[in-house]
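Enquirer: Top to bottom, those sequences are chains A and B. If you read the first sequence in this note's numbering, its first letter stands for residue 2, the second for the next number, and so on. If you read the second sequence in this note's numbering, its first letter stands for residue 504, the second for the next number, and so on. Where a beta carbon is used, it is the ideal one built from N, C-alpha and C, also for glycine. Because the structure is a prediction, the values reported are computed rather than measured.
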Amino acid sequence: MAINYNKEQDKLKTGKVEQRMVYESGNEMAAYAAHQINYHVMGYFPITPSTEVAQFLDAMKARGEHDIKLIPADGEHGSAGICYGASVGGGRVFNATSSNGFLYMLEQLPVQSGTRFPMVLNLVNRSVSGPLDIHGDHSDLYYALNTGWPILLARDPQAVYDMNIMAIKLAEDAEVRLPVIVAFDGFFTSHQKRRVQTIAERKDVHDFIGPVPKGYVNALDRDNPVTIGPYMNEPDYINNCYQQSMAMYRAEKVFERIASEYAELTGRHYPLLDLHRMEDAEVAVFLLNSAAEITKDVVDRLREKGIKAGSISPNMIRPFPQKQIAEALKNVKAVVVGDRADSYGGYGGNMVNEVKAALQTYGNGDTMVISRIYGLGGKDFYADDAEHFFQLALDAVEKGYVEKPFDYWGHNPGDPDKAPKRILEPLKKEELNTGLIKVNKDEETGKLKVKIPPLRALTKKPKRIAPGHGACPGCGIFPGLELFFKGIEGDIVALFQTGCAMVVTTGYPYSAHKTTYIHNLFQNGSATLSGLVEMFYERKRRGELDEYGLGDDFTFVMITGDGGMDIGMGPAIGTALRNHKMIILEYDNEGYMNTGSQLSYSTPLGHMTSTSNVGKYQGGKPFHHKDTPQIMAATNIPYVFTGTEAFPQDLLKKAAKAQWYAQNEGLVYGKILITCPLNWKSKEELGQDIVGAAVNSCFFPLYEVEHGITNITYDPEEKNKRIDVKDWLSLMGKTKHLTTPEYEESLKMFADEVERRWRKLKAKHEHPDL
Amino acid sequence: MSILTKTNELGFYEIRLESIGGLGANLAGKMLAEAGVVEAGLNGVSFSSYGSEKKGSPVKAHIRFTEPDHEIRDTSPVERPHVVGVFHEALFKTVDVTNGIYPDSIVLVNTSKTPDEIKEKLQLQGGTVAVVDAINIALEEKTRVNTAMLGALFRVIDFLHPDAMRDVIRKTFEKKYPHLLEANLRTFDRGYEEVEMKSYQVPEGAEGKPFTRHIPDLGYDTQAMGGTITNPGNSILKDLSGSRVGVIPSFHQDKCINCAACDTACPDFCFVWEEGEDKKGRPQMFLQGIDYQYCKGCLKCVHACPVEALTAERETEGYAEDHRVPHRFRLAMNT
């Protein structure tokens, strides 16, 4: 939204081009800059907190505001591959990611820099962690330090915009030719709205960055065939590295040149270091990004008290402005370097050790350096934290030495009286083995016979998940999971991949899982559980589990969302091909709901999500939904099924069969369709009706594939219950548009695809050989 | 000449909104800040607390205003607000909504209670209490609570002009949802008009409530290694009743046929069963009632019930406490 008051307009006249003030967040500004640059391609995969960048670009695309080809990848590794492939094609490429997503693409980054293809990646900093933390620190950023990408930092939304405009120019410069990272703090910068001055006309942006430079190799020039990425060992490889190293160091001067051109253009200048009152400072604090801003306020207050304090924060950390830092600190008596990520065992994070190296290199043995790890996992940084840092420096100056060179700041020991104690008794075996569910193999036919009691009788069986979880009202995940678990007798061990069900049940220090639960990142749950399964059988074989008196075997269940089956498809197929004795249960809510409703491959055609917006130039998701059960069936595992809460007896039976196969033969895959009222924009109380309608419209047929033989377990046509897909779609806000005349064509395409898949399934049902 | 009527020592006027996910406090905060920055020409910043908390979980929105030429560097949450806007009264139970207020801060609450009752309930020393029945306005106008709260906020924050917000509402709805425009403008105006304010003398020497920063119970000496939770199932200690927004299922045992359709539908495992004997003396499960501590009011159970043993009711104060049938968990310790 443009700001149109006079006073601010005057300020905008400091540059040469017309500017426009907006009030937006860091993510919005990254997207805004990208849309002005009008990149050719963005390959992306959603991850908090950078997700919004793709969302904003998709919304702008639906309004026809740019032509960037937005490609939703199957994971960050895929997104980095898309970006690399696009960049070897000679056009402009953009991406945004965070945290574990960044690490998942990590191996691609040295490929991109080492083969010298420019692009711009926005790294919205967030913790990389074991227990999952989605808030901001610099642990992902520190992994970027050795990738060979120049790294620009942006302390606020204004800098996010400015750095993004400069980054592409830096990347494409003849002296550099490297991909560039723009890094800013997750949430603090990505989600806080500020006033930002932007270049009003796209033409002025383009005049500044210039056209895509010519004369470099690309894969689309048929007259100049090239071999990109040869097999190169010693003695040649070191020379490639040296070239790259030289280019990296040249990036410093090039950036300075671009920054002064940009200053002339806009009135905003970014030197290599952002120095606040450092001219005569005796004590200083060195921090990266948003925390450095708060520190400036504290510097001003200390100066009022007569303390010669200063703040130092780099705008670029690759290449590291070693000389400038040494120069800025040469008269400083003590400096506290705060690292928002640890380099465990390194006696300080990466920044403090690089600052120390800078001082040593330039012969400064006098400035005392104090290292503190702070603000991990999004822990807020307050003015009083900065005051504490200055106090540490002042103490050192007074004493003449540093009492504690390295420590953490902001951690707490905890109250011994409140140490965790077991709240619930473990579930009793006899309660979990109700004897009410019976699965027997008919020796003649080889088929399983299943007997299940009425639902009423199963209310006696304890639920595996406790109440008190934090899911949205009306969430379909938990009725779906518990119904499935009800069909399983005895003990389970569950692994949940990252997703809604994991996040809302295990918010520390609470857990809603009464039985043992494991989390792993959502590309790797099936592999992880297959490791546990094999450990179980191996330890059992060696007699090491005898002391636990287990009796029956565990039933191992891997729980995933449809997102986890996108990014984790490879490991899931690997697990299926190895045929481990376990169950993969997918709850499908047709999108990445945990991160704010982005499209998944299971999102049906035309459905609206935050990365498949509906507008004049775009009508929801552009391609058809993935048929995961058929993909898994093609791996020839013993049992595949679909189910929903709307047909409880059907799902219970399938759960019982799933357990039998997982304990006797090998891998089971099942998909349950569950409602997400929040992102389906549907009424909370209608959850069962909606998934029921999905079944009756034949969009989500209930069936099983047992030893390769397909059996439709509920045929809406036979029961005279078949409805039009339109009747199902009209129940949800995300698909309302599809029921209007304007979208008649999309609706028909979708209905035809549903019909085609249904007929194919029926043919399989009728012919055991199909 | 400043339009900010008061500021803290750093020159900021600070606002904190206390809400649960789904009531639109985040959006209200954004719109409020936008009106201050874009329309009134102040400098400002706005943000919300983020987690993976879902709809129904407590959230906060923070807004800071300052003079147009004053630089904003602070990214930390608002600890000492000049105005607190409480979007959901049930939060009083689980969140210290007035944490850090000044003696003369304004506390605006979405409630049907009087300012005197709210002052008593929140044990305020003085300052201004403002009340508005935003739920009722939203129900009557078929709009959302946040628009009514915005109306009230524009009244209590005296340097912002409501016309600015009306323009924002117009721009928001005109194109995409023209049929909702009038109702939303009315909702905003009603919030603005119907808010009732009462100021109380600040007792001499009152300092307000110093802000207490949350320090977790567990720490590096007491957390299990690796972040493992060694007392799982402890989510039963949580109270989720604050997620309900006005409606609640009501159980009528006399009509219940114990079919368990509700139990299958319930996302929050609220139904409490007990074994008894049926008419023929055989053991059978019987539904006892609802543990409202965990009920988020989605009403799936009411919809699933094939008879009329579950009905949707407007929740009145004390109903849930009086009618709760607590789960009988097998506890390992006294809680």
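1. Exposed or buried, Ile4/A, counting other C-beta atoms within 10 Å across all chains shown (16 or more means buried)?
2. Excluding the 5 residues preceding and the 5 following Met504/B in the sequence, name in chain order all residues of the same chain whose CB lies nearer than 8 Å to its CB.
3. To the nearest whole angstrom, what separates the beta carbons of Leu459/A and Lys487/A, a pair I think is in contact under 8 Å?
4. How many angstroms separate the CA atom of Asn441/A from the CA atom of Lys658/A?
5. By the 10 Å Cβ neighbour count, where 16 or more other Cβ atoms means buried, how is Asn761/B classified, buried or exposed?
6. Compute the distance between the beta-carbons of Ser746/B and Lys803/B, then report whether it is under 9 Å.
7. Taking just the CA atoms, how far does Ser51/A sit from Phe391/A?
8. Can you give me the Cβ contacts of Gly92/A inside the same chain, cut-off strictly under 6 Å, excluding the 5 residues immediately before and after it?
9. Within a Cβ cutoff of 7 Å, which residues of the same chain sit near Arg647/B, ignoring the five residues on either side of it in sequence?
10. Is Glu587/A near Met566/A, with beta carbons less than 9 Å apart?
11. Checking 9 Å against the spacing of the C-beta atoms, do Val197/A and Gln159/A come in under that value?
12. Rounded to whole angstroms, what's the CA-CA distance from Lys8/A to Asn546/B? Just pull it up for me.
13. What number of angstroms, rounded off, separates the C-alpha of Thr715/B from the C-alpha of Gly411/A?
14. Kindly provide the ranges of any alpha helix (DSSP H) runs that are 4 or more residues long and lie completely inside the stretch 541–589 of chain A, ordered along the chain.
15. Would a check of beta-carbon distances place Val548/B closer than 9 Å to chain A?
16. Apart from the five residues on each side of it in sequence, which residues of its chain come closer than 6 Å, Cβ to Cβ, to Glu816/B?
17. Starting from the C-beta of Ser26/A, find all residues in its chain whose C-beta is less than 7 Å away, skip the five residues before and the five after it, and write them out in chain order.
18. Determine the closest residue to Pro769/A out of Leu484/A, Met233/A, His708/A, with distance taken between C-alpha atoms.
19. Along chain B, which residues have their Cβ under 7 Å away from the Cβ of Pro510/A?
20. Measure the beta-carbon distance from Gln796/B to Arg827/B and round it to whole angstroms, keeping in mind my assumption that it falls under 8 Å.
21. For Thr676/A, does the count of other Cβ atoms within 10 angstroms reach 16, so buried, or fall short, so exposed?
22. Against chain B, with Cβ distances strictly below 9 Å, would His738/A count as a contact?
23. What does the alpha-carbon distance come out to for the pair Ala60/A and Ser613/A?
24. Looking only at its chain, what residues have a beta carbon closer than 6 Å to the beta carbon of Asp766/B, apart from the 5 residues adjacent to it on each side?
25. Taking Cβ-Cβ distances below 7 Å as the criterion, which residues of the stretch 744–763 of chain B are in contact with chain A?
26. Measure the beta-carbon distance from Ala768/B to Pro480/A and round it to whole angstroms, keeping in mind my assumption that it falls under 8 Å.
27. Please decide whether Gly772/A counts as near chain B, where near means a Cβ-Cβ distance under 9 Å.
28. Report all residues from its chain with a CB closer than 7 Å to the CB of Asn613/B; omit the five preceding and five following residues, and keep chain order.
29. With the cut-off set at 9 Å, would you say Gly688/A and Pro702/A are in Cβ contact?
30. Within 10 angstroms of its Cβ, does Asp224/A collect 16 or more other Cβ (buried), or is it exposed?
31. To the nearest angstrom, how far is the alpha carbon of His277/A from that of Ala397/A?
32. Compare the C-beta of Ala807/B against all C-beta atoms of chain A and say whether one is closer than 9 Å.
33. List the endpoints of the continuous alpha helix (DSSP H) containing Thr569/B.
34. So with CB distances below 8 Å, who are the chain A contacts of Tyr797/B?
35. Just the C-alpha distance for Pro119/A and Tyr363/A, rounded to the nearest angstrom, thanks.
36. Measure the beta-carbon distance from Ser99/A to Asp141/A and round it to whole angstroms, keeping in mind my assumption that it falls under 8 Å.
Expert: According to the structure shown:
1. The residue labelled residue 4/A in the question sits at position 3 within the first sequence. Per-residue confidence for Ile4/A stands at a pLDDT of 49, beneath the threshold of 50, marking its modelled position as unreliable; no derived number is given.
2. For the purposes of this step, residue 504/B is taken as residue 1 along the second sequence, with counting starting at 1. Confidence at Met504/B is low in this model, with a pLDDT of 49, below 50, so the placement of that residue is unreliable and no value is reported for it.
3. For the purposes of this step, residue 459/A is identified with residue 458 of the first sequence, where counting begins at 1. For the purposes of this step, residue 487/A is identified with residue 486 of the first sequence, where counting begins at 1. The pair is a contact, with the Cβ atoms about 5 Å apart (cut-off 8 Å).
4. Residue mapping note: residue 441/A aligns to position 440 of the first sequence, counting from 1. Residue mapping note: residue 658/A aligns to position 657 of the first sequence, counting from 1. Asn441/A and Lys658/A: Cα-Cα distance of roughly 9 Å.
5. Taking the first residue of the second sequence as 1, we reach residue 761/B at position 258. Buried, because 16 or more other Cβ atoms sit within 10 Å of the Cβ of Asn761/B.
6. Against the second sequence, residue 746/B aligns to sequence position 243. Against the second sequence, residue 803/B aligns to sequence position 300. Cβ atoms of Ser746/B and Lys803/B: not closer than 9 Å.
7. In the first sequence, counting from the first residue as 1, residue 391/A sits at position 390. In the first sequence, counting from the first residue as 1, residue 51/A sits at position 50. So the alpha carbons of these two residues sit roughly 32 Å apart.
8. For this step, residue 92/A is matched to residue 91 along the first sequence. When the five nearest sequence neighbours on each side are left out, the beta carbons in the same chain lying within less than 6 Å of the beta carbon of Gly92/A are those of His41, in order along the chain.
9. Stepping through the second sequence from its first residue, residue 647/B is reached at position 144. Excluding positions up to five away in sequence, the list reads Gly527, Ala641.
10. Within the first sequence, the letter at position 586 stands for residue 587/A. Within the first sequence, the letter at position 565 stands for residue 566/A. Against a cut-off of 9 Å, the Cβ pair of Met566/A and Glu587/A comes out as a contact.
11. As a working note, residue 197/A is residue 196 in the first sequence. As a working note, residue 159/A is residue 158 in the first sequence. In contact: Val197/A and Gln159/A (Cβ atoms closer than 9 Å).
12. By one-based count along the first sequence, residue 8/A stands at place 7. By one-based count along the second sequence, residue 546/B stands at place 43. In this predicted model, Lys8/A has a pLDDT of only 48, less than 50, meaning its place in the structure is not dependable enough to derive any value.
13. The sequence position of residue 715/B within the second sequence is 212, counting from 1. The sequence position of residue 411/A within the first sequence is 410, counting from 1. If I take the Cα positions, the gap works out to 15 Å.
14. 565–568, 570–579
15. Position 45 of the second sequence, counted from the first residue, corresponds to residue 548/B. Cβ-Cβ to chain A under 9 Å: yes for Val548/B.
16. For the purposes of this step, residue 816/B is taken as residue 313 along the second sequence, with counting starting at 1. Same-chain partners within the cutoff: Ile751, Ser753.
17. To locate residue 26/A, count along the first sequence from 1; it is residue 25. Hits under 7 Å: Pro158, Ser191, His192, Gln193, Lys194.
18. Stepping through the first sequence from its first residue, residue 769/A is reached at position 768. Comparing Cα positions, the closest option is His708/A.
19. One-based indexing of the first sequence puts residue 510/A at position 509. Result: Leu721, Ile732.
20. Start at 1 with the first residue of the second sequence, and residue 796/B comes out as number 293. Start at 1 with the first residue of the second sequence, and residue 827/B comes out as number 324. With 8 Å as the limit, Gln796/B and Arg827/B qualify as a contact, their Cβ atoms being about 7 Å apart.
21. The residue labelled residue 676/A in the question sits at position 675 within the first sequence. With 16 or more other Cβ atoms within 10 Å, it is buried.
22. Numbered from its first residue, the first sequence carries residue 738/A at position 737. No - not a single Cβ of chain B is within 9 Å of the one on His738/A.
23. Counting from one through the first sequence, the residue named residue 60/A turns up at place 59. Counting from one through the first sequence, the residue named residue 613/A turns up at place 612. Their Cα atoms are separated by approximately 8 Å.
24. For the purposes of this step, residue 766/B is taken as the residue at position 263 of the second sequence. Within the same chain, Asp766/B has close Cβ partners Phe774.
25. Within the stretch 744–763 of chain B, the residues whose Cβ lies closer than 7 Å to any Cβ of chain A are, in chain order, Ser746, Asn761, Cys762, Ala763.
26. Numbered from 1 along the second sequence, position 265 holds the residue referred to as residue 768/B. Numbered from 1 along the first sequence, position 479 holds the residue referred to as residue 480/A. Rounded, the Cβ-Cβ distance is 6 Å, consistent with contact.
27. Here chain A comprises residues numbered 2 to 771, so residue 772/A is not present and cannot be evaluated.
28. As a first step, residue 613/B is located in the second sequence; it is residue number 110 there, counting from the start. So the list reads Val589, Phe590, His591, Glu592, Val635, Ala637, Ile638, Val648, Met652, once near-sequence residues are dropped.
29. The sequence position of residue 688/A within the first sequence is 687, counting from 1. The sequence position of residue 702/A within the first sequence is 701, counting from 1. Against a cut-off of 9 Å, the Cβ pair of Pro702/A and Gly688/A comes out as no contact.
30. As a working note, residue 224/A is residue 223 in the first sequence. Under a 10 Å Cβ-count criterion, Asp224/A is classified as exposed, with fewer than 16 other Cβ atoms of the shown protein chains found around its own Cβ.
31. Against the first sequence, residue 277/A aligns to sequence position 276. Against the first sequence, residue 397/A aligns to sequence position 396. Taking the straight line from one Cα to the other gives about 21 Å.
32. The residue given as residue 807/B occupies position 304 in the second sequence. Chain A, which has a Cβ nearer than 9 Å to the Cβ of Ala807/B, makes this yes.
33. In the second sequence, residue 569/B corresponds to position 66, counting from 1. DSSP places Thr569/B in no alpha helix (DSSP H) but in the uninterrupted beta strand (DSSP E) bounded by 561–569.
34. In the second sequence, counting from the first residue as 1, residue 797/B sits at position 294. Under the 8 Å cutoff, chain A gives Pro468, Gly469.
35. Locating residue 119/A in the first sequence gives position 118, counting from the first residue. Locating residue 363/A in the first sequence gives position 362, counting from the first residue. Straight-line Cα distance between these residues: approximately 32 Å.
36. Numbered from 1 along the first sequence, position 98 holds the residue referred to as residue 99/A. Numbered from 1 along the first sequence, position 140 holds the residue referred to as residue 141/A. Right, the Cβ-Cβ distance comes to about 6 Å (below 8 Å), so this counts as a contact.
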